[in-house]
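The numbering of the sequence shown is the numbering used here, which starts it at 17 and goes up by one.
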Amino acid sequence: MTMSRPTLLAVAHGTHDPAGPATVRALLDRVRALRPGLRVAEAYAEIAAPSLEEAAREIDGPVVAVPLLLARGYHALIDIPGRVHEVCDPGTVTMARPLGPHPLLGDALIDRLAAESRDLASVDAVVLGAAGSSDPAGVADVRTAARMLSRRLGRPVAHGFVAAGAPGLPEVVARVREAGASRVAVAAYLLAPGFFHGRMAVAGADMVSPPIGAHDAVARLILRRYDEARARTARSVRDTRPTVLAGSVGGPGATMRPAT
């Protein structure tokens, strides 16, 4: 019997800014357009609706939960997986990795920077601005994202945070100015508008790119994380499937043992 494809449960962080959920919905519409027939459910870890629990209860059958987060941290590693497993049958749930870091996000960041500045060559320094995390893994992911963006731009890219973590974005912007940069751009490493983007706007840069938002590269990345999670589950099933003992009596009906 052919199994139906799992529902893609896309879980964003959430914000009080109504532009945030609107951006997420536009992004998920692009995901649906790229893969017609795939059921895609919208959910939020906090603040916005529908909540993760509300969305998960509406899903029948298997689920692949994809955190729409750009780095590891509490929500991606602990909060979202724990809450999804509380609502859904654990045997039907597969957790995907958060979106970042990934080169596709660099493609989207460059597009947003180019649209805002119209001439990236006139920008003396680019700083990757992120929300931040108290989890060292999340800080490391942003550092990796800055290196990826640096390779794509062919110039150094510093990074700074507007919430948790160090270094702070205003301090980094001030530091690159002291090093001789007269025109500084912040590449907003955020998925959607909200409080953190407002903090970036007052960090002292000459320009701040819009959040990454509903970009085709991000839609493709969401589907890639979904496919990776499904493939991981399929490998796990194969690895635990019973096998026939070689040379056992009885042929196809012989004694079975787990694969090692």
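Each residue gets a CB set at the ideal place from its N, CA and C atoms; glycine is no exception. The structure displayed is predicted, hence computed values, not measured ones.
Taking C-beta atoms under 8 angstroms as the contact rule, alanine 26 and glutamate 58 qualify, at a distance of about 6 angstroms.
Judged by their CB atoms, arginine 48 and valine 40 are not nearer to each other than the 8 angstroms cut-off. Counting other Cβ atoms within 10 Å of its Cβ, arginine 215 reaches 16 or more and is therefore classed as buried.
Isoleucine 94 is classed as exposed because its beta carbon has fewer than 16 other beta carbons within 10 Å across all chains shown. If you look at threonine 39, you'll find it in the alpha helix (DSSP H) that goes 35 to 50. Within the same chain, Cβ atoms closer than 7 angstroms to the Cβ of methionine 164 are found at Pro117, Pro119, Gly122, the five residues on either side in sequence being excluded. Counting every other CB atom within 10 Å of its CB across the protein chains shown gives serine 150 a total below 16, marking it as exposed. The beta carbons of valine 192 and alanine 204 sit no closer together than 8 angstroms.
Rounded to the nearest angstrom, the gap between the Cα atoms of valine 218 and threonine 110 is 39 angstroms. The shortest C-alpha to C-alpha distance from histidine 101 to any of Leu85, Leu84, Pro78 is the one to Pro78. Counting the other Cβ atoms within 10 Å of the Cβ of aspartate 157 gives 16 or more, which makes it buried. One alpha carbon belongs to glycine 170, the other to valine 189, and they sit about 19 angstroms apart. Put simply, of Leu43, Leu129, Ala146 the residue whose alpha carbon is nearest the alpha carbon of serine 138 is Leu129.
Take leucine 44, set aside five residues on each side of it, and the residues of its chain with a beta-carbon closer than 7 angstroms to its own are Ala26, Val56, Glu58, in chain order. Counting the other Cβ atoms within 10 Å of the Cβ of serine 225 gives 16 or more, which makes it buried.
Here glycine 184 carries a strand assignment [DSSP, helix/strand/coil].
One thing to note: alanine 61 has its Cβ no nearer than 8 angstroms to the Cβ of leucine 207. Under the three-state reduction of DSSP output, alanine 59 falls in the strand class. Around the CB of proline 106, fewer than 16 other CB atoms lie within 10 Å, so the residue is classed as exposed. By the 16-neighbour rule on beta-carbons within 10 angstroms, proline 34 is exposed.
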